[in-house]
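>
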Amino acid sequence: MKPFSDFNKQIKILENRNLTILDRKAANFALRNYGYYEIVNGYKIFLLDSSKKVETFLEKETFEHLVSLYNLDKQIRNLVMQATLEVELSLRTSLAYTLAEDFGVLESDYLDRKKYNKGKFQHKHKKYQRDFLLDMLKDIAANRPVEPLNSYRIKHKHIPPWILFKETTLGNITNFIKILKGPQKDKIISLCTGLSSSQLTPADKALFIEILDLILAFRNRAAHGGRMFNYKASASLSYHKKFHNQIKITPADYRNGKGQRDLYTFFHSLALFDNKAGLNLLELCLYSIKEHDASYPSDWLVLASEMGYPKDVLKTDLQRHRNFHKNYRWRYLWHAIKNIFNK
Numbered sequence: 000m001k002p003f004s005d006f007n008k009q010i011k012i013l014e015n016r017n018l019t020i021l022d023r024k025a026a027n028f029a030l031r032n033y034g035y036y037e038i039v040n041g042y043k044i045f046l047l048d049s050s051k052k053v054e055t056f057l058e059k060e061t062f063e064h065l066v067s068l069y070n071l072d073k074q075i076r077n078l079v080m081q082a083t084l085e086v087e088l089s090l091r092t093s094l095a096y097t098l099a100e101d102f103g104v105l106e107s108d109y110l111d112r113k114k115y116n117k118g119k120f121q122h123k124h125k126k127y128q129r130d131f132l133l134d135m136l137k138d139i140a141a142n143r144p145v146e147p148l149n150s151y152r153i154k155h156k157h158i159p160p161w162i163l164f165k166e167t168t169l170g171n172i173t174n175f176i177k178i179l180k181g182p183q184k185d186k187i188i189s190l191c192t193g194l195s196s197s198q199l200t201p202a203d204k205a206l207f208i209e210i211l212d213l214i215l216a217f218r219n220r221a222a223h224g225g226r227m228f229n230y231k232a233s234a235s236l237s238y239h240k241k242f243h244n245q246i247k248i249t250p251a252d253y254r255n256g257k258g259q260r261d262l263y264t265f266f267h268s269l270a271l272f273d274n275k276a277g278l279n280l281l282e283l284c285l286y287s288i289k290e291h292d293a294s295y296p297s298d299w300l301v302l303a304s305e306m307g308y309p310k311d312v313l314k315t316d317l318q319r320h321r322n323f324h325k326n327y328r329w330r331y332l333w334h335a336i337k338n339i340f341n342k
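Letter by letter, the sequence shown follows residues 0 to 342 of numbering that gives the first Met the number 0.
1. Rounded to a whole number of angstroms, what is the C-alpha to C-alpha distance between L211 and T173?
2. Would you be able to state if there are at least three C-beta pairs under 8 Å between the stretch 245 to 263 and the stretch 22 to 41?
3. Helix, strand or coil: which one does DSSP assign to Q121?
4. Compare the C-alpha of T55 against each of L110, E290, K43 and A293 and name the closest.
5. With respect to the alpha helix (DSSP H) encompassing L88, which residues constitute its N-terminal and C-terminal limits?
6. Of all the options I12, Q9 and A205, which has the alpha carbon lying nearest to the alpha carbon of D185?
7. Which partner residues does T19 have in the DSSP bridge list?
8. Report buried or exposed for T315, applying the criterion of at least 16 other Cβ atoms within 10 angstroms of its Cβ.
9. Short check: CB of S287 to CB of L68, under 7 Å?
10. Roughly how far, in whole angstroms, is the beta-carbon of L169 from the beta-carbon of E87, given that I think they are within contact range, below 8 Å?
11. Rounded to whole angstroms, what is the Cα-Cα separation between I75 and F242?
12. Quick one: is S268 buried, meaning 16 or more other Cβ sit within 10 Å of its Cβ, or exposed?
13. Is it right to say P160 is buried, meaning 16 or more other beta carbons lie within 10 angstroms of its own, or is it exposed?
14. S89: which of K247, R16 and G277 sits nearest, CA to CA?
15. Could you say which of G193, G307, I214 and S107 lies nearest to T249 if we only look at CA atoms?
16. Just reading off the alpha helix (DSSP H) that Q128 is part of, what are its end residues?
17. To the nearest angstrom, how far is the alpha carbon of A140 from that of V79?
18. How long is the line joining the alpha carbons of P147 and I162, rounded to whole angstroms?
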């Protein structure tokens, strides 16, 4: 049985394991608000002395280092969540637009089974993917008592796809795109990527669908609060020469597990979308890593490995951020001095 330990006892346990506590008051606050399991068990693996049989932290390691890793990961998790929300909005808008344009605005038209592939058989629901999704959407359209569905039922006597799909999840949308027939699927990929249908190759289309599964996996991980920077999704990308060349993953890197289902691959997969808001959040992610790196400069190698980031690429990206903020500070100081003398 795992015995209960109050916050002071938790701190004592850590000290007995060779972890230095620089600020006991701050440590007590962190444990009280975030929890021992989240901070310590979540990140201690990176700070333990592997040569010891009994769990012992490396010499001079601190609780503050654990908290910094925890906060960095929390920031990354929030950025992943924001990025997937951007993707979700683009997918939902493109899907609703395509269904309305190709099939019309009446549920009886755009939810007609004949217009879709049946998809995979879902043993859990004992239905094909198509039937489960369409039955779910019809039930939402007919019965869910929320706005704006209620208003559309009363005023318009129907619910167009751009209203109905507001009630769907990213998982629903991803699976719905998979059951679309060729012309509609191509149109959605075209709308999301900004490429014309004639520019899309079969490899582009296959990659797009694989990326949807990768994004969904990261979304679910972020939503459930799991450790993010070393997360490896259950969904993985096949090797796509054009894409992997762009993100500097060689065939050898890929065979060694990189460029498949890690955080680096997730963020760079967002480059396929015409809406770059999700991809731009990678810059904020790099900023957070730079801030952590300022206090713990040896961590970047561990972070690169765990995130699937090519080491030379992360090193270059972090230096770019350092140079930018250094130059920005000097420009800010120069303008501040000019303003003082101009008064």
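Every residue gets a Cβ at the ideal spot worked out from N, C-alpha and C, and that includes glycine.
Looking at the coordinates:
1. 6 Å
2. no
3. strand
4. K43
5. F62 to F102
6. A205
7. T61
8. exposed
9. No, the pair does not count as a contact, with Cβ atoms beyond the cut-off.
10. 5 Å
11. Those two C-alpha atoms are separated by around 23 Å.
12. buried
13. With 16 or more other Cβ atoms inside 10 Å of its own Cβ, P160 counts as buried.
14. G277
15. Of all alpha-carbon atoms in G193, G307, I214 and S107, the one lying nearest the alpha-carbon of T249 is that of G307.
16. Its alpha helix (DSSP H) spans residues Q128 to N142.
17. V79 has its alpha-carbon roughly 31 Å from the corresponding atom of A140.
18. 7 Å
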